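Only one structure is covered here, and it is reproduced in the block below.
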Amino acid sequence: MAVSPIVVRSALDEVIRLTATLPDPHESLLYVKAVPVDAMQRAGGSRPLDGLPFRLEAVLDDWDGGTPRTRASIASWAATWAASWCRWRHEDPGVRPDGDALAWLADNLEWAQENWPAMDEFAEELGEVRRRLREAHGLDPISSGRPCPVCDGTLVHEVTDDGVRPDYVCPRCGGVHTEQGLAKLARLRLCSADANLTRRDVARILNVSAARIRKWIHRGQIVEADGRISLAEARRLRDASSSAHRP
Numbered sequence: 019m020a021v022s023p024i025v026v027r028s029a030l031d032e033v034i035r036l037t038a039t040l041p042d043p044h045e046s047l048l049y050v051k052a053v054p055v056d057a058m059q060r061a062g063g064s065r066p067l068d069g070l071p072f073r074l075e076a077v078l079d080d081w082d083g084g085t086p087r088t089r090a091s092i093a094s095w096a097a098t099w100a101a102s103w104c105r106w107r108h109e110d111p112g113v114r115p116d117g118d119a120l121a122w123l124a125d126n127l128e129w130a131q132e133n134w135p136a137m138d139e140f141a142e143e144l145g146e147v148r149r150r151l152r153e154a155h156g157l158d159p160i161s162s163g164r165p166c167p168v169c170d171g172t173l174v175h176e177v178t179d180d181g182v183r184p185d186y187v188c189p190r191c192g193g194v195h196t197e198q199g200l201a202k203l204a205r206l207r208l209c210s211a212d213a214n215l216t217r218r219d220v221a222r223i224l225n226v227s228a229a230r231i232r233k234w235i236h237r238g239q240i241v242e243a244d245g246r247i248s249l250a251e252a253r254r255l256r257d258a259s260s261s262a263h264r265p
């Protein structure tokens, strides 16, 4: 399923925002060790120390299969995509994107969504980058276990700096739903189905009185079996009555 352009734009905007505040593992590790880089260099030795012990900076800065570890690795990933888009757009391998790669992708996203043939691949990688960044910031979404009424994906509650959002978001199609909206969609689906329900449920779903349903049953307009009546038939009777009273 193709990802909505709105979802891609939202994901890229969030990646840009979270990348700017991504905790730097170099600074974090050196802070824990309480030994700044310049102090390590002054400590002497056979060669200058230009990063973390055991050359960990080489591992931390690597980009491998959608795992951003530092701002440098995310910039490298973005630069790869920006260069590909640029070559495709200008049909000239000598043309290079200018400035920050993430910002360049954002500026040219609309063009790419209309012209770039591998947009689904980009959207998939972008989603993984966004997920990893949210993990790094402690903003992992919380699964609700409820299916999306549009695409059947699993709805989640987004976590922001202000806490857990009460609405439901679908990571697959980008749909946003409220509790009331989901309940209304469920009622609409039931109304369109030929389900056999209790009088109380039919009255609640169709917003009709229990006395009105008793009247339909008493007149033989609808049949009750095992304490249940047809929702579709009740809806037909309600709609017919509403039409008859219209001017």
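The sequence shown maps to residues 19 to 265 in this note's numbering. Every residue gets a Cβ at the ideal spot worked out from N, C-alpha and C, and that includes glycine. Keep in mind it's a predicted model, so treat the numbers as computed, not measured.
Touching by the beta-carbon criterion (3+ pairs, under 8 Å), the region 21 to 38 and the region 186 to 196: yes
Q. Hey, is the region 245 to 253 in contact with the region 211 to 219, meaning 3+ C-beta pairs nearer than 8 Å?
A. yes
Residue of Val33, Val26 and Ser28 minimising C-alpha distance to aspartate 152
At residue 152 the sequence reads arginine, which differs from the aspartate that was named. Residue Val33 is the option with its Cα nearest to arginine 152.
- Going by DSSP, what residues sit across from leucine 215 in a beta bridge? Ile247
For the alpha helix (DSSP H) containing valine 241, name the first residue and the last one. Per DSSP, valine 241 belongs to no alpha helix (DSSP H) and is neither H nor E.
Hey, quick one: how far does the alpha helix (DSSP H) through valine 25 stretch, first residue to last?
23 to 38
Between the C-alpha atoms of alanine 93 and cysteine 169, what's the straight-line distance to the nearest angstrom? 32 Å
When we look at the beta-carbon of tryptophan 103 and count the other beta-carbons within 10 Å, is it buried (16 or more) or exposed?
buried
Q: May I ask which residues mark the beginning and end of the beta strand (DSSP E) holding glycine 163?
A: 160 to 165
DSSP has threonine 172 in a bridge; who is on the other side? Pro165
| said: Could you compute how far the alpha carbon of alanine 207 sits from the alpha carbon of alanine 258? | reply: Correcting the residue type first, residue 207 is arginine in the shown sequence and not alanine. Approximately 20 Å between the Cα atoms of the pair.
**Item:** Cβ neighbours of proline 165 in the same chain (closer than 8 Å, five flanking residues each side left out)
**Value:** Gly171, Thr172 and Leu173
#### Entry: Limits of the unbroken alpha helix (DSSP H) element including glutamate 146
137 to 154
Query - Pick from Trp122, Trp134 and Ala119 that is closest to glutamate 109, judged by C-alpha positions - result: Trp134
Q. Which of helix, strand or coil does DSSP assign to proline 187?
A. The sequence given here places valine at residue 187; proline does not occur at that position. Three-state DSSP puts valine 187 in a strand.
- Message: Is it buried or exposed, proline 184, if we count other Cβ atoms within 10 angstroms and call 16 or more buried?
- Response: exposed
- Looking only at C-alpha atoms, which of Leu120, Arg114 and Glu242 sits nearest to phenylalanine 140? Leu120
Q.
Do leucine 144 and leucine 40 count as a contact pair if the criterion is CB distance below 8 Å?
A. no
So, is alanine 201 buried or exposed, given that buried needs 16 or more other C-beta atoms within 10 angstroms?
-> exposed
Legend entry - Length of the line joining the Cα atoms of aspartate 80 and leucine 36: Legend: pLDDT at aspartate 80 = 48, less than 50; position of this residue unreliable, no value from coordinates given.
Would you grab the beta carbon distance between isoleucine 160 and valine 187 for me? Rounded to a whole angstrom, and I think it's under 8 Å. Not quite, the Cβ-Cβ distance comes to about 10 Å (not below 8 Å), so this is no contact.
Practice problem: Quick one: using the 10 Å Cβ neighbour count with 16 as the cut-off for buried, is arginine 264 buried or exposed? | Solution: Because the pLDDT at arginine 264 is just 49, under 50, the model does not fix this residue reliably, and the value given afterwards should be weighed accordingly. Exposed, because fewer than 16 other Cβ atoms sit within 10 Å of the Cβ of arginine 264.
Problem - Inter-residue Cα distance where the pair is aspartate 235 and asparagine 225 - result: The sequence given here places isoleucine at residue 235; aspartate does not occur at that position. Using only the alpha carbons, I get a separation of about 17 Å.
- Task: Go ahead and label proline 111 buried or exposed: buried means 16 or more other beta carbons lie within 10 angstroms of its beta carbon, across all protein chains shown.
- Result: exposed
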